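Below you'll find the structure, written out as structure tokens, and then a few comments.
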Amino acid sequence: MDSLLVAVTDSVFPNLDAARRVLSAVHAEVRLASQPTPEAIVEVAREADGVLVTYAKVTAEMIREMKRCRIISRFGIGVDNVDIAAATSAGIVVTKVPDYCIDEVSDHAMALLLALVRKIPFANRRAHAGKWEMSAVVPIHRLRGTTLGLAGFGRIPQLVAPKAQAFGLKVISNDPYIPKEVMARVGVESVTFEELLERSDYISVHAPLTPETHHLFNADAFRKMKPSAYLINTARGPLVDAQALADALDAGQLAGAALDVLSQEPPPQDSRLFGRDNVILTPHTGFYSEESLVDLQVKASEEVARVLTGQTPRNPVNPEVLQTARKS
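Next up, the structure:
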């Protein structure tokens, strides 16, 4: 078999050993771009048979330069950084890894919820400063019997639901693509988006980022939430309008927020979300565990190996291209 080339646009991994191990089995060399710029990516991807991408933007202009590429495989769940239409027009299949970190993200969402409700980060800072006093965290309300709203009901929120129910929360969800019978089987009530906003004591965001969901949580949405409600986002930063959220917090329209993702990462030093006792920020770590990183590398690379050996990928985003996809 002739040697193949797989380009990596950018990486958050300590090394690419797992990818190299998978792809060496199909005689493919793995080559990382010198830096995650369009020019450097095109340089390494121009003659590549496959491309692995993390956070780098893969635009139509870049795809036009990929003369041999048969697959663009995302190290991740969402593919909003890849021009799917351009890839499809070029006969390139795009794949994702929808299940590598579902345990980690669902755990992270619950951890953020509990930290918000129990005011743990604030209490921790006070205690370390020598202020050992309960009065500083008053009031805290009981979790049992309150309502968690899930914006989206895909793989991750389907794991959040039973974890929340174990704490005694009632769980409701809005997802136009999931039948209410599916939710009912796991004790989750299907509601409209308006009902989700109005009824939830906590809202955990798990929707994909699309043109329709961009700034799904905006000024209008915050006005409809309970003033005592909390917002948690472990999905995609642009689902939440950060400026509108800051305005809502200033106006007392909701009680607080916990965000693992932001529209701009890292956020600017003058972010209006900084320095608030009722806002918890984590630096996009919800997906992370040592195990999830290995799973991600392996599963994304296996998709590349399948396509380069004439097999059907397991998680194509544009399955319609499979009939007309580029061949070796």
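The numbering used here puts the first residue of the sequence shown at 6, with every later residue one more than the last.
Beta carbons: idealized from backbone N, C-alpha and C, even for Gly.
No experiment lies behind these values; they were computed from the predicted model shown.
### Among Glu-200, Asp-180, His-289, Pro-184, nearest to Leu-117 - alpha-carbon criterion
Locating residue 117 in the sequence shown gives position 112, where the first residue counts as 1. Nearest of Glu-200, Asp-180, His-289, Pro-184 to Leu-117, Cα basis: His-289.
### Exposure label - Gln-274; buried when at least 16 CB within 10 Å
Within the sequence shown, numbered from 1, the residue matching residue 274 stands at position 269. Answer is exposed; the Cβ neighbour count stays below 16.
#### Entry: Meets three-Cβ-pair contact criterion under 8 Å: the region 172–179 and the region 89–100
Contact between the region 172–179 and the region 89–100 is absent: fewer than three C-beta pairs spanning the two stretches fall below 8 Å.
### Task
Please work out which residues of its chain come closer than 7 Å, Cβ to Cβ, to Leu-37, disregarding the five sequence neighbours upstream and downstream, and give them in chain order.
Against the sequence shown, residue 37 aligns to sequence position 32. Val-13, Ser-16, Leu-21, listed in sequence order.
### Touch test, the region 26–33 against the region 65–84, Cβ-Cβ under 8 Å, three pairs minimum
no
### Query
What first and last residue would you give for the beta strand (DSSP E) that runs through Val-13?
Numbered from 1 along the sequence shown, position 8 holds the residue referred to as residue 13. Looking at the DSSP string, the run of the beta strand (DSSP E) that includes Val-13 is 9–13.
#### Entry: Secondary structure of Lys-168, DSSP reduced to three states
As a first step, residue 168 is located in the sequence shown; it is residue number 163 there, counting from the start. Correct three-state label for Lys-168: helix.
#### Entry: Rounded straight-line distance, which links the Cα of Glu-66 to that of Leu-2
Residue 2 cannot be examined here, being either before or after the span of the chain that is shown, 6 to 333.
### Task
Work out the CA separation of Ala-53 and Thr-151 for me, nearest whole Å.
For the purposes of this step, residue 151 is taken as residue 146 along the sequence shown, with counting starting at 1. For the purposes of this step, residue 53 is taken as residue 48 along the sequence shown, with counting starting at 1. Looking at the two C-alpha atoms, the distance is approximately 53 Å.
### Exposed unless 16 or more other CB atoms sit within 10 angstroms - verdict on Gln-316
To locate residue 316, count along the sequence shown from 1; it is residue 311. So Gln-316 ends up on the exposed side.
### Query
Hey, Tyr-105 and Lys-304: beta-carbon distance below 8 Å or not?
Residue mapping note: residue 105 aligns to position 100 of the sequence shown, counting from 1. Residue mapping note: residue 304 aligns to position 299 of the sequence shown, counting from 1. A contact, by the Cβ cut-off of 8 Å.
### Query
Which residues in the same chain as Val-35 place their Cβ atom closer than 7 Å to its Cβ, once the five residues preceding and following it in sequence are excluded?
Taking the sequence shown and counting its residues from 1, one reaches residue 35 at position 30. For Val-35, where only same-chain residues beyond five positions count, the Cβ hits under 7 Å are Val-11, Val-13, Leu-21, Ala-24, Arg-25, Leu-28.
### Message
Is it the case that the region 188–196 contacts the region 158–174, given that we only count it when at least three CB pairs across the two stretches are under 8 Å?
### Response
yes
### Query
Pick from Val-187, Ile-76, Phe-127: whose alpha carbon is nearest that of Trp-137?
One-based indexing of the sequence shown puts residue 137 at position 132. Ranking Val-187, Ile-76, Phe-127 by Cα distance to Trp-137 puts Phe-127 first.
### Query
Which value, in whole angstroms, describes the spacing of the CA atoms of Val-210 and His-220?
As a working mapping, residue 210 is identified with position 205 in the sequence shown. As a working mapping, residue 220 is identified with position 215 in the sequence shown. Val-210 and His-220: Cα-Cα distance of roughly 12 Å.
### Strand pairing of Ser-209, partner residues [DSSP]
Mapped onto the sequence shown, residue 209 falls at position 204. Answer is Leu-155, Ile-237, bridged to Ser-209.
#### Entry: Residue from Leu-153, Val-187, Thr-197, Thr-215 whose Cα sits closest to the Cα of Tyr-235
Your numbering for residue 235 matches position 230 in the sequence shown. Nearest of Leu-153, Val-187, Thr-197, Thr-215 to Tyr-235, Cα basis: Leu-153.
### Task
Report buried or exposed for Phe-279, applying the criterion of at least 16 other Cβ atoms within 10 angstroms of its Cβ.
Numbered from its first residue, the sequence shown carries residue 279 at position 274. Burial state of Phe-279 is exposed, judged by a 10 Å Cβ sphere holding fewer than 16 other Cβ atoms.
### Query
Exposed or buried, Gln-258, counting other C-beta atoms within 10 Å across all chains shown (16 or more means buried)?
Residue numbering aside, residue 258 sits at position 253 when the sequence shown is read from its first letter. The residue in question, Gln-258, is buried, as its Cβ has 16 or more Cβ neighbours within 10 Å.
### Query
For the beta strand (DSSP E) that contains Val-58, what are its first and last residues?
Sequence index remark: in the sequence shown, residue 58 carries index 53 (1-based). Where Val-58 is concerned, the enclosing beta strand (DSSP E) stretches over 55–58.
### Message
Here's a check: name, in chain order, each residue in its chain whose Cβ is nearer than 6 Å to the Cβ of Asn-323, leaving out the five neighbours to either side.
### Response
Here the question's residue 323 lines up with position 318 in the sequence shown. These residues qualify, in order along the chain: Ile-89, Thr-93, Val-99.
### Query
Can you tell me the Cα-Cα spacing of Asp-85 and Met-139, whole angstroms?
Position 80 of the sequence shown, counted from the first residue, corresponds to residue 85. Position 134 of the sequence shown, counted from the first residue, corresponds to residue 139. One C-alpha to the other measures close to 45 Å.
### Query
Which residues in the same chain as Pro-232 place their Cβ atom closer than 8 Å to its Cβ, once the five residues preceding and following it in sequence are excluded?
Residue mapping note: residue 232 aligns to position 227 of the sequence shown, counting from 1. Taken in chain order, the residues that qualify are Gly-257, Gln-258, Leu-259, Ala-260.
### Message
Give me the DSSP bridge partner(s) of Gly-261.
### Response
As a working note, residue 261 is residue 256 in the sequence shown. DSSP output for Gly-261 lists Tyr-235 as bridge partner(s).
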